[in-house]
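Presented below is the structure to which this report refers.
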Amino acid sequence: MTNQKGQKLYLATFEFISGEYEQGFHRLLYAKNAKELDKQINKYLKDYYGAGNTSEIDGNVYYYCHDEIAVKYCGWEEITDPQQIIDKLLC
0 MTNQKGQKLY LATFEFISGE YEQGFHRLLY AKNAKELDKQ INKYLKDYYG AGNTSEIDGN
60 VYYYCHDEIA VKYCGWEEIT DPQQIIDKLL C
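Taking numbering that gives the first Met the number 0, the leading residue of the sequence shown gets 0, the next gets one more, and so forth.
Now the structure itself:
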């Protein structure tokens, strides 16, 4: 699926971590390619708790609030059919 600017639709998957609590979540993003998508995801995660509030980045895990909260980037998939979104959110 593409928008009017020729960008593809991607579904990125994340995991919010706080102590023993973990919660998966998703975000839909448009990007021209995987490199642009990775840049968008990096910016999104760096600013997750507001600009400048990221305390550490370790691979695909971004830490906040003095490492008490984290968000793990779990990957992405290109969306070619709206049914993919529904199927993913119902799992």
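Glycine included, C-beta positions come from ideal geometry on N, C-alpha and C.
Run of the alpha helix (DSSP H) containing residue i, from where it starts to where it stops
{"i": "Glu35", "result": "33-45"}
Cα-Cα separation, residue i to residue j
{"i": "Cys64", "j": "Gly58", "result": "18 Å"}
{"i": "Ala50", "j": "Thr1", "result": "29 Å"}
{"i": "Gln22", "j": "Glu14", "result": "5 Å"}
{"i": "Lys31", "j": "Leu10", "result": "14 Å"}
{"i": "Ala69", "j": "Lys4", "result": "33 Å"}
{"i": "Tyr72", "j": "Tyr20", "result": "16 Å"}
{"i": "Gln83", "j": "Phe24", "result": "15 Å"}
{"i": "Pro81", "j": "Gln6", "result": "15 Å"}
{"i": "Trp75", "j": "Asp37", "result": "9 Å"}
{"i": "Ile56", "j": "Asp86", "result": "31 Å"}
{"i": "Tyr48", "j": "Lys34", "result": "23 Å"}
Residues bridged to residue i (per DSSP)
{"i": "Gly74", "result": "Thr12"}
{"i": "Tyr62", "result": "Glu55, Ala69"}
{"i": "Gly18", "result": "For Gly18, which the question treats as bridged, DSSP gives no partner whatsoever."}
8 Å CB neighbourhood of residue i in its chain, flanking five on each side removed
{"i": "Leu8", "result": "Met0, Thr1, Asn2, Leu27, Leu28, Tyr29, Glu77, Ile78"}
{"i": "Leu88", "result": "His25"}
Range covered by the beta strand (DSSP E) that runs through residue i
{"i": "Gln3", "result": "Element bounds for Gln3: n/a, residue is neither H nor E."}
{"i": "Asp86", "result": "Note, Asp86: premise wrong, no beta strand (DSSP E); alpha helix (DSSP H) at 81-89."}
{"i": "Gly49", "result": "Where Gly49 is concerned, there is no enclosing beta strand (DSSP E), given that its DSSP letter is neither H nor E."}
Beta-carbon proximity check, residue i vs residue j, cutoff 7 Å
{"i": "Thr53", "j": "Tyr61", "result": "yes"}
Cut-off 7 Å between Cβ atoms - residues of its own chain near residue i, not counting five sequence neighbours on either side
{"i": "Ile46", "result": "The residue you asked about is not Ile; residue 46 is Asp in the sequence shown. No residues qualify anywhere along the chain."}
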